[in-house]
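Colleague:
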């Protein structure tokens, strides 16, 4: 149960960070409003899935997976590729996915 709560909290924080960073990059004119909106929307999908992870709802894991994959594809497409930033995103995403998977399907 603890791993589900941790996964839910980390997912909620991570989704909020994605949405706010997209807004910040739009204000600095690094991203266009459309690009920032789509990346922000993936952040909202991730935050929405975080609400259902602690209740062991399998659909929440799949929504989280879709949101994270979409976020990675959009950031790779719309931003300059910096290996450090994308590596940190990937590591964080994998940690969250593993925690959610273990909590929902295995524990």
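In the working numbering, the protein residues as written are 941 to 1047. Heads up, the beta-carbon is just placed ideally off N, CA and C, and yes, glycines get one too.
To the nearest angstrom, how far is it from the Cα of residue 967 to the Cα of residue 1047?
Modeller: Using only the alpha carbons, I get a separation of about 43 Å.
Colleague: Quick one: Cα of residue 951 to Cα of residue 1018, how far?
Modeller: Residue 951 and residue 1018: Cα-Cα distance of roughly 23 Å.
Colleague: Count the C-beta pairs between the segment 1020 to 1027 and the segment 974 to 981 that are closer than 8 Å, then say yes if the count reaches three, no if not.
Modeller: Taking 8 Å as the limit for Cβ pairs, the verdict is that the segment 974 to 981 does not touch the segment 1020 to 1027.
Colleague: Compute the distance between the beta-carbons of residue 955 and residue 993, then report whether it is under 8 Å.
Modeller: Result no, Cβ atoms of residue 955 and residue 993 do not sit closer than 8 Å.
Colleague: Three-state secondary structure (DSSP) at residue 967?
Modeller: If DSSP states are grouped into helix, strand and coil, residue 967 belongs with the helices.
Colleague: Give the DSSP-derived three-state secondary structure of residue 1033 in the structure shown.
Modeller: If DSSP states are grouped into helix, strand and coil, residue 1033 belongs with the helices.
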